[in-house]
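Under numbering that gives the first Met the number 0, the very last position in the first sequence is 463; numbers go up by exactly one each time. Every residue, glycine too, gets a C-beta built ideally from N, C-alpha and C. Quantities reported herein were computed from a predicted structural model and do not represent experimental measurements. The next block holds one structure in the form of structure tokens; read it before the comments.
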Amino acid sequence: MTVRTRFAPSPTGFLHIGGARTALFSYAFAKKHGGAFILRIEDTDVARSTPEAVQAILDGMAWLGLQHDEGPFYQMQRMETYKKVIQTMLQNGTAYYCYSSREELEALREQQMANKQKPRYDGKWRPEAGKTLPEIPAGVEPVIRFKNPQEGVVAWDDLVKGRIEIANSELDDLIIARADGTPTYNFCVVVDDWEMGITQVIRGDDHVNNTPRQINMLKALGATIPQYAHLSMILGDDGQKLSKRHGAVSVMQYHEEGYLPEAVLNYLARLGWSHGDDEVFSMQQFCEWFDLDHITPSAAQFNTEKLKWLNNHYIKAAHLNVLAQDVQQRLAQLNVRVTAQPSLNDAIALYRDRANTLNELAQSIAYFYQKPVLDAAAAEKHLTADIAPAFERLKVLLQTADWNAEAIHAAINAVVAEFGLKFPKVAMPLRVMLTGNAQSPSIDQVMAILGKEEVLARINAVSL
RNA sequence: GUCCCCAUCGUCUAGAGGCCUAGGACACCUCCCUUUCACGGAGGCGACCGGGGUUCGAAUCCCCGUGGGGACGCCA
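This is how it looks when you write it as structure tokens:
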């Protein structure tokens with residue numbers, strides 16, 4: 000059978016890191032088996048779903064390059080299908096109307112909690128052979144409930160967690176359609192997974208408890224039961240659960256902060272999945288290697304430091320032109336206008352090794368295009384009066400030097416020799432005058448890129 | 001409270017009963033490279049939650065405990 004997986008987010012917020020990993024694994028599983036990856040938007044919660052969130056999810060998926068083969072399907076556009084199925088269930092007795100009010104149910108729940116019982120529907124309106132149902136109250140719009148079996152167990156072999164068995168006595172009759180007639184999540188999922196021919200449901204393990212209910216409904220509909228793989232959750236850097244209030248960030252924020260999608264993808268792939276000792280691999284390699292057997296069942300803590308390390312790796316490996324295009328925009332955001340000279344590509348080539356993010360890269364090379372602000376501590380330490388004579392001489396030599404790193408290096412060396420200094424005694428002040436900082440790549444290379452005119456201007460701007 | 005799940009270095013993980021003196025990666029520390037800072041290279045520190053079984057042999061299997069997490073919505 001052809002593999003068909005799906006990613007089914009609800010558009011109530013941005014695509015966060017946990018959702019992105021779920022999507023990645025679903026995508027990779029489909030690719031690995033030559034199957035289809037389907038995107039389905041679960042927007043049946045009309046009150047909380049927004050078109051902005053839909054767009055945010057689409058943007059996030061696009062940035063990561065997780066392209067779906069089918070969809071996006073929107074559940075709100077499939078109402079007729081759901082209603083048809085509900086009618087069938089009402090007719091064959093696997094679903095029924097329930098007139099219990101919200102207040103009634105709330106009171107029931109509280110009472111059960113007080114008695115240290117698991118809160119659940121009491122089955123008041125559940126039709127049974129020989130049972131007389133209460134009189135239908137006036138003015139109450141009924142909900143529709145699924146008539147869950149009361150005996151036996153539901154079991155499945157979870158592809159990540161192994162066999163899970165839950166007694167039907169633990170389950171109650173869940174609502175499949177609201178009083179206003181709109182179907183609810185658990186029901187839509189069942190109908191969609193069934194009709195869309197999903198073969199492996201790969202999702203977060205907060206859905207484990209929904210699985211037995213869904214299986215029961217699938218059985219009631221005579222549908223084929225897909226396989227399930229429940230992924231454990233991703234914790235924040237601090238080990239705390241990620242939530243909207245705490246730590247959860249959009250994948251697009253990683254874009255804004257200067258992470259490459261390759262790095263995020265590679266990092267996410269290794270969060271909960273492994274292929275021996277392999278750490279760095281391409282998306283293509285991942286899709287060839289991916290399997291459900293090597294997914295860890297336990298929760299994983301996000302580690303930004305490792306993400307940065309990977310991002311640095313991909314920055315070092317990226318094509319210069321691709322980096323230049325991106326960095327130019329980031330510089331523009333910093334109000335730095337990139338000019339033809341100094342060469343942006345050269346500046347990036349010089350700095351990429353030390354940048355963990357593209358933002359860092361942009362910031363670190365901004366001084367090529369705008370006068371540096373001298374770091375006070377560095378200036379005090381290195382811009383001392385005693386080197387003034389050496390710099391007078393250096394200016395003369397630079398004036399006539401061929402403008403390449405070797406010649407510049409030779410010029411500095413000549414001054415160093417002439418004044419009996421050590422190389423850093425000249426290099427460090429130069430560093431501060433030209434870049435504003437005490438750290439930079441080889442100063443001769445920096446100078447070569449900056450250009451003779453600008454180098455001399457910056458040296459002259461400092462009075463020793 | 002009830003049900004379900006989870007448990008190897010600080011973090012991500014390898015590990016499918018002997019290959020484990022528990023391997024790799026990030027982080028951290030030391031040294032090398034060096035013109036500073038990085039990059040790179042070489043080392044180092046550092047873990048099988050506890051207790052019982054099963055077995056000739058257990059990080060790996062079973063049970064109990066402990067700890068963590070999830071679910072219990074007319075949310076998804």
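Find out if the Cβ-Cβ distance for the pair residue i, residue j is shorter than 8 Å.
i: residue 98; j: residue 148; result: no
i: residue 232; j: residue 204; result: yes
i: residue 330; j: residue 365; result: yes
i: residue 373; j: residue 454; result: no
i: residue 442; j: residue 430; result: yes
i: residue 43; j: residue 210; result: no
i: residue 64; j: residue 260; result: yes
i: residue 241; j: residue 21; result: no
i: residue 287; j: residue 117; result: no
i: residue 258; j: residue 319; result: no
i: residue 94; j: residue 145; result: yes
i: residue 314; j: residue 357; result: yes
i: residue 123; j: residue 133; result: yes
i: residue 265; j: residue 248; result: no
i: residue 464; j: residue 446; result: It is not possible to answer for residue 464, since the shown part of the chain is limited to 0 through 463.
i: residue 393; j: residue 414; result: yes
i: residue 39; j: residue 59; result: no
i: residue 175; j: residue 185; result: yes
i: residue 236; j: residue 289; result: no
i: residue 170; j: residue 84; result: no
i: residue 80; j: residue 52; result: no
i: residue 384; j: residue 463; result: yes
What is the DSSP secondary structure of residue i, counted as helix, strand or coil?
i: residue 71; result: strand
i: residue 288; result: helix
i: residue 296; result: coil
i: residue 318; result: coil
i: residue 25; result: helix
i: residue 199; result: strand
i: residue 35; result: strand
i: residue 274; result: coil
i: residue 392; result: helix
i: residue 3; result: strand
Classify residue i as buried or exposed, calling it buried when 16 or more other Cβ atoms lie within 10 Å of its own Cβ.
i: residue 338; result: exposed
i: residue 310; result: buried
i: residue 4; result: buried
i: residue 239; result: exposed
i: residue 304; result: exposed
i: residue 417; result: exposed
i: residue 438; result: exposed
i: residue 341; result: buried
i: residue 351; result: buried
i: residue 113; result: exposed
i: residue 49; result: exposed
i: residue 281; result: exposed
i: residue 17; result: buried
i: residue 138; result: exposed
Measure how close the beta-carbons of residue i and residue j come, nearest whole angstrom, since I'm counting them as under 8 Å.
i: residue 295; j: residue 0; result: Rounded, the Cβ-Cβ distance is 27 Å, inconsistent with contact.
i: residue 285; j: residue 268; result: 5 Å
i: residue 36; j: residue 67; result: 5 Å
i: residue 217; j: residue 224; result: 5 Å
i: residue 86; j: residue 41; result: No, residue 86 and residue 41 are not in contact; Cβ-Cβ is about 22 Å, not under 8 Å.
i: residue 155; j: residue 201; result: With 8 Å as the limit, residue 155 and residue 201 do not qualify as a contact, their Cβ atoms being about 14 Å apart.
i: residue 367; j: residue 449; result: 6 Å
i: residue 157; j: residue 163; result: 5 Å
i: residue 410; j: residue 426; result: With a Cβ gap of about 12 Å, residue 410 and residue 426 do not count as contacting.
i: residue 335; j: residue 283; result: So it is not a contact: roughly 36 Å between Cβ atoms.
i: residue 436; j: residue 375; result: Not quite, the Cβ-Cβ distance comes to about 11 Å (not below 8 Å), so this is no contact.
i: residue 101; j: residue 111; result: Their Cβ separation, rounded to whole angstroms, is 16 Å, which puts residue 101 and residue 111 out of contact at 8 Å.
Please list the segments of the beta strand (DSSP E) lying wholly inside the region 207-246, counting only runs of 3 or more residues, in order along the chain.
-> 226-230
Enumerated in chain order, which unbroken segments of the beta strand (DSSP E) with a length of 3 residues or greater are wholly contained in the region 396-439?
-> none
Segments assigned beta strand (DSSP E), at least 3 residues, entirely inside the region 108-196 | 142-145, 152-157, 161-166, 174-176
Only counting runs of 4 or more residues, tell me where the alpha helix (DSSP H) segments fall wholly within the region 44-99, in order along the chain.
-> 50-63, 78-91
Which parts of the region 339-385 are runs of the alpha helix (DSSP H), unbroken and 4 residues or longer, counting only runs that do not cross its ends?
-> 343-350, 357-364, 375-381
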